[in-house]
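Student: Residues 346 to 646 (my numbering) make up the sequence shown, in order.
For glycine and all other residues, C-beta sits at the position ideal for the given N, C-alpha and C.
Keep in mind that this is a model prediction, so the values were computed, not measured.
I have a structure I would like to understand better, so I am pasting it below and will then ask my questions one at a time.
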Amino acid sequence: MSTPAAPMPSSVNLAVIQMHVTDQLADNLTRAEQHVRDAAGAGANVILLPELFESLYFCQVEREDYFALAHPVEGHPFLGQFQNLAAELGVVLPISFFEAAGQTHYNSLACIDADGKMLGVYRKAHIPDGPGYEEKYYFTPGDTGFKVWPTRYGRVGAGICWDQWYPESARAMLLLGADFLLYPTAIGSEPEGVESPNSHAMWQRAMQGHAVSNSSYVGAANRIGAEVVAGLTQTYYGHSFISDYTGELVAEFGSAEEGALIHPMNLQEARKFRAGMGFFRDRRPELYGPLMTMDGVTRRS
């Protein structure tokens, strides 16, 4: 006889961590762990750290040396530490890391449940390439598809940074059953001469749109501070936030605060509101064929 599934929680406390990062792994891990402990002590159930918090954002430049930062999931130098921490504190931890898989490298996220069990790994689908964000040099586009994990504190859907700009990824995760969306991030200033500068407001609005269109809570965790890599300086603009299921910003850091931003998510009310809005009832997937193409005409196999 099968064991009945645990009931879905009606309310969950989400924390997003905003922090600065150094070139010392031990320092970053110590600070990240302390932020997690502080958030758990304040009542957080799900705690999101920023993207690639293990090191400076090395993707500012293309250097072969930085591939040495990647490690396989098995025997990873710090994923086990966060598994132990999740079990000790009884919290869910989606952890971003640089993954080595054979001869391939991915920008990945491991979802760790509140008992310390690793539920699986998501590999970043959308890989940016531009001045200061040279990720295509380091990362192969992910092959896992979008992931949603049933945890003690709801069904977690998580993308990684550049994924957060794509409504298709958010929609896919909700269709897969996500209760809320999380995005670990490393984003900030553009190098001098870039003609299409980004801003924290535009970055937030993109994800607030996902919250509206999917009637879902959204949380994003960013880093802060200036980082110098190979003589180049980039400043990360923070503004980590949590949006409710109507797209309203309900919690936000500025550009300098460090710590845990915590807000309760009423998942029961979000589910009720989502059903009433009818966004999923009224979808017409049979008409969305152009989304399966690059040019609007030629369907990708």
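State the Cα-Cα distance for the pair Y478 and G465, rounded to the nearest angstrom.
Tutor: Walking along the sequence shown from the start, residue 478 turns up at place 133. Walking along the sequence shown from the start, residue 465 turns up at place 120. Rounded to whole angstroms, Y478 to G465 spans 26 Å at the Cα level.
Student: Hey, A387 and A605 are a contact pair by Cβ (cut 8 Å); roughly how many whole angstroms apart?
Tutor: For the purposes of this step, residue 387 is taken as residue 42 along the sequence shown, with counting starting at 1. For the purposes of this step, residue 605 is taken as residue 260 along the sequence shown, with counting starting at 1. With a Cβ gap of about 7 Å, A387 and A605 count as contacting.
Student: Considering only the beta carbon of each residue, do A377 and L394 sit closer than 8 Å?
Tutor: As a first step, residue 377 is located in the sequence shown; it is residue number 32 there, counting from the start. As a first step, residue 394 is located in the sequence shown; it is residue number 49 there, counting from the start. Contact flag set, yes.
Student: Between the stretch 529-544 and the stretch 573-588, do at least 3 Cβ pairs fall closer than 8 Å?
Tutor: As far as the Cβ criterion goes, the stretch 529-544 touches the stretch 573-588, which means the pair count is three or higher.
Student: Secondary structure at A575, three-state DSSP: helix, strand or coil?
Tutor: Against the sequence shown, residue 575 aligns to sequence position 230. Three-state DSSP puts A575 in coil, outside helix and strand.
Student: Quick check: what's the CA-CA separation for G425 versus K462?
Tutor: Start at 1 with the first residue of the sequence shown, and residue 425 comes out as number 80. Start at 1 with the first residue of the sequence shown, and residue 462 comes out as number 117. Each residue's alpha carbon lies about 10 Å from the other.
Student: R382 by DSSP, collapsed to three states: which one?
Tutor: In the sequence shown, counting from the first residue as 1, residue 382 sits at position 37. In this structure, R382 counts as helix in the three-state DSSP scheme.
Student: So, at 7 Å on beta carbons, what are the nonlocal neighbours of D488 in its own chain, with the 5 sequence-adjacent residues on each side left out?
Tutor: For this step, residue 488 is matched to residue 143 along the sequence shown. The answer, listed in chain order, is R468.
Student: Look at the Cβ atom of Y402, then the Cβ atom of Q579, and state whether they are nearer than 8 Å.
Tutor: For the purposes of this step, residue 402 is taken as residue 57 along the sequence shown, with counting starting at 1. For the purposes of this step, residue 579 is taken as residue 234 along the sequence shown, with counting starting at 1. Result yes, Cβ atoms of Y402 and Q579 sit closer than 8 Å.
Student: Cα-Cα, which of R619, D458, L519, I472 is closest to Y498?
Tutor: The residue labelled residue 498 in the question sits at position 153 within the sequence shown. It is D458 whose Cα lies nearest to the Cα of Y498.
Student: Measuring straight from C-alpha to C-alpha, what distance separates I607 and A455?
Tutor: Here residue 607 corresponds to residue number 262 of the sequence shown, with the count starting at 1. Here residue 455 corresponds to residue number 110 of the sequence shown, with the count starting at 1. About 21 Å.
Student: On the CB-based measure, 16 or more other CB atoms within 10 Å of its CB, does N429 come out buried or exposed?
Tutor: Along the sequence shown, read from residue 1 onward, the residue named residue 429 stands at position 84. Answer is exposed; the Cβ neighbour count stays below 16.
Student: Below 8 Å between beta carbons: does that hold for A523 and V493?
Tutor: Walking along the sequence shown from the start, residue 523 turns up at place 178. Walking along the sequence shown from the start, residue 493 turns up at place 148. Contact: yes.
Student: Measure the CB-CB distance between Q363 and N567 and report whether it falls below 8 Å.
Tutor: Locating residue 363 in the sequence shown gives position 18, where the first residue counts as 1. Locating residue 567 in the sequence shown gives position 222, where the first residue counts as 1. Their beta carbons are under 8 Å apart, which means Q363 touches N567 by this criterion.
Student: Extract the residue ranges of the beta strand (DSSP E) inside the stretch 400-467, only unbroken runs of 3 or more that lie entirely within it.
Tutor: 438-446, 449-457
Student: Any idea what DSSP makes of S588, helix, strand or coil?
Tutor: As a working mapping, residue 588 is identified with position 243 in the sequence shown. Note: S588 maps to strand in three-state DSSP.
Student: Are the beta-carbon atoms of F427 and H450 separated by less than 8 Å?
Tutor: Working through the sequence shown from its first residue, we reach residue 427 at position 82. Working through the sequence shown from its first residue, we reach residue 450 at position 105. Cβ distance not < 8 Å, so F427 and H450 don't count as in contact.
Student: Looking at C-alpha atoms only, which residue of A556, A515, W510, L526 is the closest neighbour of M547?
Tutor: Walking along the sequence shown from the start, residue 547 turns up at place 202. Comparing Cα positions, the closest option is W510.
Student: I'd like the span of the alpha helix (DSSP H) that includes E597, first residue to last.
Tutor: Looking up residue 597 in the sequence shown gives position 252. Premise fails: E597 lies in the beta strand (DSSP E), 594-597, not in any alpha helix (DSSP H).
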